[in-house]
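Okay, structure first, notes after.
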Amino acid sequence: MKLVLLLLFLSFTIFCKGELNDNSFQTCIFENLEGGVIDLSSLKNEDYSFKANGDNLEYFFSFCGSSLICTKYLGMATVESCQYNTQSGFVYETGSLLQSQYSFFNNDTEGNSGITLTYSSSDSVQCSSGYRITNFNFICNANANFSIVAFTEDPQCTYNFYIESSKACISTPTPTPVPSKIIPNSCIFPFGSQSIDLSSLTLSVYPGYSIYYSITDTKYYFNFCQSSAYCSKLFQKNVTLCSQIDNNEFIIAYTDSGIYEIKENGIQLTYSSNGQPNCNNGESPTSASFEMVCNLSVNLEISNFNISSDGCSMNFEFQSIHACIGENPTSSLTSSSSPTLDDNEIDYQ
């Protein structure tokens, strides 16, 4: 009954065929188009044998390498599998390393998945239907190490092995983390052969940039790429953004937390409290982003401001020629010319 089910599932399987145009058969590690991997490398460098009950034919084979037993019998180093007739003593090649391909299968009626390794013989000796073909159908079974559960010869001279193994289960590799792009102290951001140069926007004079948000009666002190002169003097730490409400001051973002992302229309600088719960009565961290939008007609102008409902994250949007790739005009900004916000410039939800 199990054999019938196995044959049935293969007939309903969607195959993704892969010719031997990579090094998969050298490593015995196979990757499908979605990035899923089946790793059979632990099965390499081993010789396997199989003989069906009541049959005088015995099969010897290896995976992703030559079978030493077949090589001994046939005198060829490229033999992957062979058939030995225990009565006549004849040995036939049933698969060559030079004629190999693989196919993934998935989503059959029984929910099976796995991979088929197919090897063809290099000659058609004593086989009326043509070249001999061997299919090793590896079926994913998380509870099986290596078990040949069925074997057929169908059609003639095509030998089908059905093998259950945990090694046939497709795994998706963990993507390699992409390192965050740390905001450089120079405030110059490379982009191919050019750059976005915000260096002339950094202010080292006290108190630096400040913005007053009248809706919450809050004043924000900040700098680009470096510490805010006001915040750093107040907290004796490298702080890029802090706030003042009434007579209370709060750290919003540390300088060393800064990361950046170059976008189609400029660059985004993002800062945080490094996970420290500075918000919601000490329950949540804070974060802020400076959206620097390329505008060739503006030196530096704040165009929008948004703050989350809990007040823990905020977004400042600036228009500036300095955010344009390849532009590096001399800034005329001083601490006394810091941009300010008024109520009709706020987009607050």
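Count the sequence shown with mature numbering (1 follows the signal peptide of the UniProt record, and there is no 0) and you get residues -18 to -1, 1 to 331, in order.
The beta-carbon is built from N, C-alpha and C at its ideal position, and this holds for glycine as well.
Taking a contact as a CB-CB distance under 8 Å, the pair Y101 and E62 counts as one, their CB atoms being some 5 Å apart. The secondary-structure analysis by DSSP pairs Y203 across a beta bridge with S192 and C224. For F86, the uninterrupted beta strand (DSSP E) segment begins and ends at S82 to N88. Taking C-beta separations shorter than 8 Å and ignoring five residues to either side along the sequence, the partners of L39 in its chain run K33, Q65, Y66, N67 and T68, following chain order. Between I130 and F143 the beta-carbon gap is near 6 Å, inside 8 Å, which marks them as a contact. At the C-beta level, F43 and L22 stay beyond 7 Å of one another. Residue state for T198 is assigned as coil, using DSSP reduced to three classes. In the DSSP assignment, F171 falls within the unbroken beta strand (DSSP E) covering I170 to F173. According to the DSSP assignment, K54 belongs to no beta strand (DSSP E) but to the alpha helix (DSSP H) extending over L50 to L56. In the structure shown, L79 falls within a coil segment according to DSSP collapsed to helix, strand and coil. Straight-line measurement puts the Cα of G240 at about 23 Å from the Cα of S291. Around S6, the same chain offers F12 as residues with beta carbons nearer than 6 Å, after the five sequence neighbours per side are excluded. Where C276 is concerned, the enclosing beta strand (DSSP E) starts and stops at S269 to C276. Short of 6 Å from the beta carbon of G248, and not among the five residues preceding or following it, lie these beta carbons of its own chain, in chain order: M274, V275, C276 and A305.
Secondary structure at I303: helix, using DSSP grouped into helix, strand and coil. Bounds of the alpha helix (DSSP H) holding Q8 are S6 to T9. Beta-bridge partners assigned by DSSP to E135: Y141.
Using a Cβ distance threshold of 7 Å, C213 and Y203 count as a contacting pair. Non-local C-beta neighbours of Q301 in its own chain, meaning closer than 6 Å and more than five positions away in sequence, comprise V275, N277, V280, E283 and S285, ordered along the chain.
Exclusion of the five residues before and after S110 leaves Q138 and C139 as the residues of its chain whose Cβ lies within less than 8 Å of its Cβ. A straight line joining the alpha-carbon of S255 with that of C261 spans about 10 Å. 7 Å or more divides the Cβ of F217 from the Cβ of S225.
The three-state reading of DSSP puts S129 in strand, counting E and B together.
Going by C-alpha positions, F171 is about 21 Å away from N220. For the set D136, T200, T76 and P189, the Cα lying nearest the Cα of N229 is the one of T200.
Residue range V61 to N67 is occupied by the beta strand (DSSP E) that includes C64.
Rounded to whole angstroms, C207 and E16 show a C-alpha spacing of 39 Å. Judged by their CB atoms, I303 and I178 are not nearer to each other than the 7 Å cut-off. Taking 3 residues as the minimum length, the beta strand (DSSP E) runs contained wholly in the region 230 to 271 are 230 to 236, 241 to 245 and 248 to 254, in order along the chain.
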